[in-house]
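Presented below is the structure to which this report refers.
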Amino acid sequence: MGIRITTWNVNGIRNPFGYQPWRDKRTFEGMFDILEADVVVFQETKIQRKDLRDDMVLVPGWDNYWSLPKHKKGYSGVVIYTRNATCAPIRAEEGITGVLTPPNSSTSFRDLPEEEQIGGYPNAEQLSEADYDPATLDSEGRCVILEFPAFVLIGTYCPAERDETRTHYRTSYLRVLDARIRNLVRMGKRVVWTGDFNISREEIDTAAAQESMRKNGIDPVQWISTPARRMFNQLLVGGKVHGERDEGRETPIMWDVCRAFHEGRKGMYTCWETKVNARPGNYGSRIDYVVCSHDMKDWFSDANIQEGLMGSDHCPVYAVLKDVVVVDGVERHMLDMVNPPGMFVDGVRKQDWSTKCLLPMSGKLIQEFDKRQSIRDMFTRKPSTLKSKSSIGDTDTNGAVVDIPLTPAIASADALAPSEADDSSALSKTVSNISTNTKGISTKRPAKAIESPTVVKRSKTTPQTTSNGVGKGQQSLRGFFSTKSSAAQAPEVDDPVVEAKLEEWPQDPLTPKAAPSLEDEAASFSARQSWGKLFSKPVAPKCEHGEPCKTMLTKKPGANCGRSFWMCARPLGPSGKQEKGTQWRCNTFIWASDWDAHATDPT
5 MGIRITTWNV NGIRNPFGYQ PWRDKRTFEG MFDILEADVV VFQETKIQRK
55 DLRDDMVLVP GWDNYWSLPK HKKGYSGVVI YTRNATCAPI RAEEGITGVL
105 TPPNSSTSFR DLPEEEQIGG YPNAEQLSEA DYDPATLDSE GRCVILEFPA
155 FVLIGTYCPA ERDETRTHYR TSYLRVLDAR IRNLVRMGKR VVWTGDFNIS
205 REEIDTAAAQ ESMRKNGIDP VQWISTPARR MFNQLLVGGK VHGERDEGRE
255 TPIMWDVCRA FHEGRKGMYT CWETKVNARP GNYGSRIDYV VCSHDMKDWF
305 SDANIQEGLM GSDHCPVYAV LKDVVVVDGV ERHMLDMVNP PGMFVDGVRK
355 QDWSTKCLLP MSGKLIQEFD KRQSIRDMFT RKPSTLKSKS SIGDTDTNGA
405 VVDIPLTPAI ASADALAPSE ADDSSALSKT VSNISTNTKG ISTKRPAKAI
455 ESPTVVKRSK TTPQTTSNGV GKGQQSLRGF FSTKSSAAQA PEVDDPVVEA
505 KLEEWPQDPL TPKAAPSLED EAASFSARQS WGKLFSKPVA PKCEHGEPCK
555 TMLTKKPGAN CGRSFWMCAR PLGPSGKQEK GTQWRCNTFI WASDWDAHAT
605 DPT
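Per our numbering, the very first residue in the sequence shown carries number 5; after that it's consecutive.
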């Protein structure tokens with residue numbers, strides 16, 4: 005099987021582990037094996053550097069490259085994982101403009117020596133088309149770029165148009181990204197661009213096309229000519245463009261890999277709105293892509309969406325490169341071209357991957373993780389030979405070896421030798437010996453370190469010797485279950501005042517209270533019923549399907565903001581609207597203030 009590239013907006017890097025099939029193993033290595041991927045591009049990691057953990061960075065057999073937001077917390081974020089057994093990039097960068105710097109360096113990527121650059125950086129004229137400076141465009145953690153000998157891989161999380169305040173930023177970002185891609189192709193490099201583009205290419209790529217046109221009062225030509233969609237289609241071979249092309253975008257250069265394998269397929273969506281439970285009815289949009297340079301479109305053997313894999317409001321999308329491709333009329337093995345020169349020859353590995361292959365952008369070289377190892381590596385390493393006795397002790401200033409107290413687990417194992425397994429005092433003797441050996445010896449360790457951790461806390465009450473002859477120490481197992489031989493004796497009273505009070509205490513049993521009257525019982529029942537209705541969950545009305553409705557809260561600004569209402573609990577259908585007489589969501593709608601839940605309460 006060829007090299008498989010998978011892109012997935014995970015909506016939080018740990019989010020998928022709450023779903024099957026990821027929930028079983030809960031490891032990234034296990035997730036990547038299920039995805040059968042060699043390159044994994046995640047968007048919306050929503051994590052800060054300080055929150056990175058070993059299981060995210062020190063993934064056995066994988067390298068990783070991160071782009072995290074510089075200011076906002078729990079926002080955006082892109083990471084690319086590469087499988088060491090099949091591929092290894094030769095260069096790595098963060099951002100689309102080249103103004104960011106490699107780790108532990110003050111020189112920007114675009115100012116590095118030419119042999120260390122990926123290249124294709126937007127020039128001053130291209131950057132002038134943006135309404136934001138380059139540093140701001142690259143401050144949100146939206147892009148990681150890797151270069152392999154065969155192609156440049158660009159993984160992005162493009163801005164979405166949530167509101168008007170983000171329109172200019174989104175347009176600026178896409179213009180600069182378009183310039184970077186075109187510059188790389190102009191240099192003679194092949195490009196694979198993948199990720200969450202937040203753009204539906206055509207009407208076939210979104211179920212909400214007609215609704216969007218109606219809502220905005222536009223026709224199909226105007227809809228497909230919106231700035232982001234027009235820019236994207238001008239980049240793609242076969243993209244629909246109305247009117248003359250923009251200056252600098254006269255030639256389409258990229259190929260929509262997934263659509264090429266499923267031309268005309270409807271409902272091939274990759275994102276669904278969770279607030280309205282749109283996924284079961286497949287009311288969604290295709291906004292996640294794998295696109296490539298047009299001259300390498302024949303390099304792919306398969307591409308598809310994986311809508312059945314849960315874990316996010318998006319689904320994974322993949323594309324598979326062939327094992328052997330034709331380059332300039334010569335057959336080449338893909339493994340030879342996605343690894344440093346000489347690592348593979350004719351598809352056969354000649355050099356093993358090692359930490360020397362790590363690039364400065366590698367997550368494994370982040371200060372917190374550098375020169376560390378994963379838990380698996382710790383347990384799979386061959387154990388070293390046992391050191392001499394002097395190596396496990398500390399030496400005082402006079403050269404005397406000090407025995408270090410063993411941990412409870414080790415002390416127990418050493419104390420209970422086979423010949424002493426039945427001796428109940430063996431453990432206490434061992435602890436006593438250790439304490440005696442360490443007493444009075446000066447060490448470099450603090451006092452806490454030489455205290456025996458096996459000392460048992462004393463009970464507040466003095467232990468009594470049992471009648472079966474067992475002395476002081478731990479009680480026998482039988483003693484826990486045997487009953488006491490004599491009843492507890494009443495305490496003696498020496499104070500005459502207290503004794504007189506005890507004599508005045510009534511000896512006769514208490515007189516039972518009178519039974520409550522019927523009126524009291526009725527009042528008590530009525531009170532319990534009223535309190536029960538007050539704190540019990542209200543009874544939901546039934547929808548047209550005869551099923552309980554669900555309650556929702558209005559968040560849309562206006563007079564009704566904050567009001568609760570009842571609606572059909574079923575998911576939206578493919579039309580995206582409430583439907584009558586179908587299996588999908590009906591048009592039942594009841595304001596919570598208009599529904600008397602207790603009027604229909606059977607209790």
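Virtual Cβ for every residue (Gly too), placed ideally from N, Cα, C.
- A direct Cα-Cα distance of roughly 9 Å separates A134 from L141.
- For N564, no alpha helix (DSSP H) segment is defined, and its DSSP state is neither H nor E.
- Only residues of its own chain outside the window of five on either side were considered, and among them I9, V261, V294, F304 and A307 have a CB closer than 6 Å to the CB of A323, listed in chain order.
- Taken through DSSP and simplified to helix, strand or coil, Y273 comes out as coil.
- The beta carbons of M341 and A154 sit closer together than 8 Å.
- The alpha-carbon of L576 is positioned some 34 Å away from that of V241.
- Rounded to whole angstroms, the Cβ separation of I291 and D200 is 6 Å, and the two are in contact under 8 Å.
- For the 8 Å CB-CB criterion, H318 and N13 form a contact.
- Here C553 has A544, P545, K546, C547, W570, M571, C572, A573, T592 and I594 as same chain residues with Cβ atoms under 8 Å from its own Cβ, once five neighbours each way along the sequence are excluded.
- Between the alpha carbons of N202 and T274 lies a gap of roughly 11 Å.
- In this model, D28 and P20 are separated by some 11 Å (Cα to Cα).
- When only Cα atoms are considered, L239 and T31 end up about 37 Å apart.
- For D58, the enclosing alpha helix (DSSP H) starts and ends at D58 to V61.
- Taking 3 residues as the minimum length, the beta strand (DSSP E) runs contained wholly in the region 238 to 314 are 258 to 260, 292 to 297 and 304 to 309, in order along the chain.
- In the three-state DSSP reduction, G159 falls in the strand class (E or B).
- Along the length of the region 318 to 356, whole beta strand (DSSP E) runs at least 3 residues long occupy 321 to 325, 328 to 331 and 334 to 337, reported in chain order.
- DSSP places Y85 in the strand class (E or B) of the three-state scheme.
- The beta carbon of V280 is closer than 6 Å to those of L576 in its chain, skipping five residues each way along the sequence.
- With a beta-carbon spacing of about 6 Å, M338 and I7 fall inside the 8 Å limit used to define contacts.
- Rounded to whole angstroms, the gap between the alpha carbons of P64 and E33 is 7 Å.
- It is roughly 12 Å from the alpha-carbon of G566 to the alpha-carbon of T555.
- Comparing C-alpha distances from I228 to each of G192, T558, E525 and H246 shows the shortest one belongs to H246.
- Contact between the region 52 to 64 and the region 343 to 358 is absent: fewer than three C-beta pairs spanning the two stretches fall below 8 Å.
- In terms of Cα proximity to Q47, the closest of V148, F113 and D250 is V148.
- Rounded to whole angstroms, the gap between the alpha carbons of D209 and Q130 is 30 Å.
- A check of alpha carbon separations from V180 across Y287, R87 and P138 identifies P138 as the nearest.
- DSSP links S71 through a beta bridge to V82.
- Residue state for T140 is assigned as helix, using DSSP reduced to three classes.
- Where L557 is concerned, there is no enclosing alpha helix (DSSP H), although the beta strand (DSSP E) around it starts and stops at K554 to L557.
- Residue ranges of uninterrupted alpha helix (DSSP H) with 4 or more members, entirely inside the region 191 to 245 and ordered along the chain, are 213 to 220, 224 to 228 and 231 to 239.
- Contact between P93 and F152 holds: their C-beta atoms lie close to 5 Å from each other, under 8 Å.
- Note: M571 is bridge-paired with K554 and F593 in the DSSP secondary-structure output.
- Just so you know, the alpha carbons of R18 and L313 end up roughly 15 Å apart.
- Of the candidates T586, E98, V225 and A264, the residue whose Cα lies closest to the Cα of M300 is A264.
- Here the region 118 to 128 lies against the region 185 to 198, with 3 or more beta-carbon pairs under 8 Å apart.
- In the same chain as C162, and ignoring 5 residues on each side of it, the C-beta atoms closer than 6 Å to its own belong to F201 and N202, in chain order.
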